[in-house]
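Working notes for the structure below.
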Amino acid sequence: MNHFAYKSGSLHAEDVDLAVLAREVGTPFYCYSSATLERHYRAFAAAVPKDSLIAFSVKANGNLGVLRTLARLGAGADVVSGGELRKALAAGITAERIVFSGVGKTKAEMALGLEAGIHQFNVESEPELDALNVIALAKGLVAPVTLRINPDVDAKTHAKITTGTAESKFGIPISRAREAYAAAARLDGIRIVGIDVHIGSQITELAPFEAAFARIVELAKVLRADGHDIARLDLGGGLGVSYRTDNTPPPDPSAYGAMVERATRGLGARLIFEPGRLIAANAGVLVAQVLYVKQGETKAFAILDAGMNDLLRPALYEAHHEIVSVAEPMPGHARARYDVVGPVCESTDVFAQGREMAALKAGDLVAFLTAGAYGAVMSSAYNARPPAPEVLVKGERWSVVRPRIGYDALIATDRIPDWLA
Ligand SMILES: *Cc1c(COP(=O)(O)O)cnc(C)c1O
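If you use this note's numbering, the sequence shown corresponds to residues 86 to 506, in order.
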C-alpha cells in the first residue's frame, strides 16, 4: 500500500502532481511520500513487541528528511558507516537508538560510536572485537556489543543480496559462536549485550527467517548457560516488498511479527529490528523523462534522462522496477514494447528489456515505482551526471530534501595540481 495514485489524469504523490514537480525541479528526480513512510513504519511497529527498538536501516535511504520523518515516529537507526552515524544523529535520532553494523568499521568510526554513546555495536569478526576493545579501553569506555552470528541458512533471495550462508563475509559462523563469545567476555572494553543476525535482503518467505531465528534462540540459551548476558536479540532486516504488481505479495509485517513471537516466546530478550526496504521502498518513485524513442532493427528503445547512476539496482542486481507513465493511460490506449535504457555509456545501463507498456514518445514522463530504498543512496556522478535530486511530499506540501548538484559544484570537487597549472 502506498500513496502514489492517478488523480485527474496524472500520477500524484499524495496530493502533489508529479508532472508539476517535474516542471518545478526538473527530471530526473526522486519523490518520497511521508504518508507511505509513516504507514509502513507504524504497520511494522504494531506487529512487533511494544518495547522493541526499530532501527531503520539508513543504507536503504539516508536522506535527512526521510530519517527525520521516521525519527518523529520513534524510529532508531541501523548504520553501517561513520557517515551514516553522523546522518542519523543530524536527523535527530538519539545515540541510544542507534546500532552500528558492518564488516569493516574503521577505528575512527568505532571511536565516533563510542563517544556518541550508541546503543550497541554489531561486531562481525573477532579481529573487529579486539580492535573495538583497544579503542574502548583507550577512552576509558566500555562498548556494548552483540556478535553478528551467521546461522547458515539460505535466505532464498537473489545471490547478490544473501548474507546468511556459512561462508559469507558477513558475521561469525554459528559453529564458532561460543568461542567468539568466550573471547569477548575476556575483554574489559567489551560488554556483551546480546546476539545479532541478518540473513539478507528482499526475503519474500518467512521460512528462512524462522529457521535462522530458531537457531539464534537456541544459541541464546547456550550462551546464557555459558554465563553470558544475552538481554537483546537483534533480528536484522530483510523482509521483502513487492516489486511487481503481478506477484503474490511477500508476507506482511503482521505475519512476520507473529512468526517472531513464536520464535522468541519465553526468551525474555528485548528485540531489535533493522528494516530498511520494507519501510522505504514503496514510499519512493524515480521520475524521468523520455528523451528519444529509437527504432532498432528488431526492437524499440525508450531512452530516458535517468541512468544507472541514478538508479543502480537493475544493473547491479538485475532488479525489476515497474515503470509507468505519469500521464494516466486512457482506456484503449496504444501499447508497445521497449527496452527502457538510460544515457550512460555502459551496456548494463538498461532498466527493462522488452517491457510492454503504454506507448511512449519523446517528452513523456515515466515513474519507476518502488524506488525509495536502495535508489538515491546508490546514485553517483558517473559520466559527470549530477545525481537526481530528492523531494519529500506531505499532503499538499513538498520540499526538495536534496537539491541537484550544479555543474560548477560538480566540477569544483576536482583539483588541478599546481604542477600542472
Ligand atoms: C542492509 C541491512 C539491513 C536492511 O535490510 P532490508 O532488506 O533493507 O530490510 C539491516 N541490517 C543490516 C545489517 C543490513 O546490512
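Cβ atoms here follow ideal geometry from the backbone N, Cα and C, with glycine treated the same way.
Remember, predicted model here, so these are calculated numbers, not experimental data.
Residue i versus residue j: straight-line alpha-carbon distance, rounded
i    : j    : result
E407 : A131 : 29 angstroms
K306 : V238 : 19 angstroms
S339 : I139 : 15 angstroms
E211 : G274 : 14 angstroms
G369 : G460 : 9 angstroms
G322 : L505 : 49 angstroms
L174 : A196 : 15 angstroms
G448 : L96  : 16 angstroms
E431 : Y467 : 10 angstroms
S327 : F129 : 16 angstroms
E346 : V133 : 8 angstroms
V219 : G491 : 43 angstroms
I178 : H418 : 48 angstroms
R157 : A365 : 15 angstroms
D314 : I277 : 6 angstroms
D281 : L320 : 6 angstroms
S118 : V151 : 9 angstroms
A98  : H88  : 6 angstroms
I357 : V378 : 48 angstroms
K254 : S137 : 28 angstroms
V476 : L155 : 16 angstroms
R261 : A267 : 10 angstroms
A373 : G312 : 57 angstroms
Among the options, the one whose alpha carbon lies nearest that of residue i
i    : options                : result
M393 : V238, R489, G427, H283 : G427
F206 : A162, T242, K245       : A162
P335 : K241, R271, D424       : K241
M442 : G491, G279, P414, V110 : P414
E382 : D424, R271, A90        : D424
K144 : G198, G168, A310       : G168
S465 : L214, G312, R398, G111 : R398
G279 : Y126, A268, I301       : I301
D331 : L106, H418, H405       : H405
L226 : K190, I203, I234       : I203
G351 : E99, T248, A299        : A299
A348 : V105, A437, D503, L291 : L291
A296 : G353, P236, Y91, A343  : P236
P474 : P502, N148, L389       : N148
V184 : L232, R422, A107       : L232
R124 : V429, K479, V486       : K479
V165 : A269, G159, T191, Y115 : T191
G342 : K135, V451, F436, E303 : K135
Extent of the continuous beta strand (DSSP E) to which residue i belongs
i    : result
A474 : At residue 474 the sequence reads Pro, which differs from the Ala that was named. Where P474 is concerned, there is no enclosing beta strand (DSSP E), given that its DSSP letter is neither H nor E.
H97  : 95 to 98
Y117 : 114 to 118
R350 : Where R350 is concerned, there is no enclosing beta strand (DSSP E), given that its DSSP letter is neither H nor E.
R482 : 482 to 487
I490 : Where I490 is concerned, there is no enclosing beta strand (DSSP E), given that its DSSP letter is neither H nor E.
E213 : E213 -> not in any beta strand (DSSP E); alpha helix (DSSP H) instead, spanning 211 to 224.
I364 : Here I364 belongs to no beta strand (DSSP E); instead the alpha helix (DSSP H) covers 362 to 365.
A82  : Past the boundaries of the shown model lies residue 82; the chain is included only from 86 to 506, so the question cannot be answered.
G159 : From DSSP, G159 is part of no beta strand (DSSP E); its letter is neither H nor E.
A437 : 435 to 443
K92  : 89 to 92
D424 : 420 to 426
R317 : 317 to 319
I388 : 385 to 389
S410 : 408 to 410
Closer than 7 angstroms: residue i CB and nearest ligand 2 heavy atom
i    : result
P212 : As for ligand 2, it is missing from this structure, which binds only ligand 1.
Residue(s) in a DSSP beta bridge with residue i
i    : result
Q205 : V184
N235 : P258
P229 : R276
V326 : In DSSP, V326 forms no bridge with anything.
I501 : Paired residue(s): none; I501 is not in a bridge.
V164 : F185
K135 : Looking at the DSSP assignment, K135 forms no beta bridge with any residue, so it has no partner.
G342 : Answer is none; G342 lacks a bridge partner.
S142 : D163
I288 : L324
Bounding residues of the alpha helix (DSSP H) (the contiguous stretch that carries residue i)
i    : result
A452 : Run containing A452: none in the alpha helix (DSSP H); it sits in the beta strand (DSSP E), 450 to 453.
L106 : 103 to 110
R309 : 292 to 310
E169 : 167 to 175
G150 : 149 to 156
R398 : 398 to 402
Inter-residue CB distance, residue i and residue j (contact presumed, cutoff 8 angstroms)
i    : j    : result
I259 : G285 : Rounded, the Cβ-Cβ distance is 16 angstroms, inconsistent with contact.
D395 : L376 : Their Cβ separation, rounded to whole angstroms, is 14 angstroms, which puts D395 and L376 out of contact at 8 angstroms.
R309 : R355 : Contact doesn't hold; Cβ gap of about 14 angstroms is too wide.
P360 : S142 : 7 angstroms
V409 : L454 : 7 angstroms
V230 : E209 : Not a contact, Cβ separation roughly 11 angstroms.
G111 : R482 : About 19 angstroms separates the two Cβ atoms, so there is no contact after all.
G325 : R271 : Their Cβ separation, rounded to whole angstroms, is 39 angstroms, which puts G325 and R271 out of contact at 8 angstroms.
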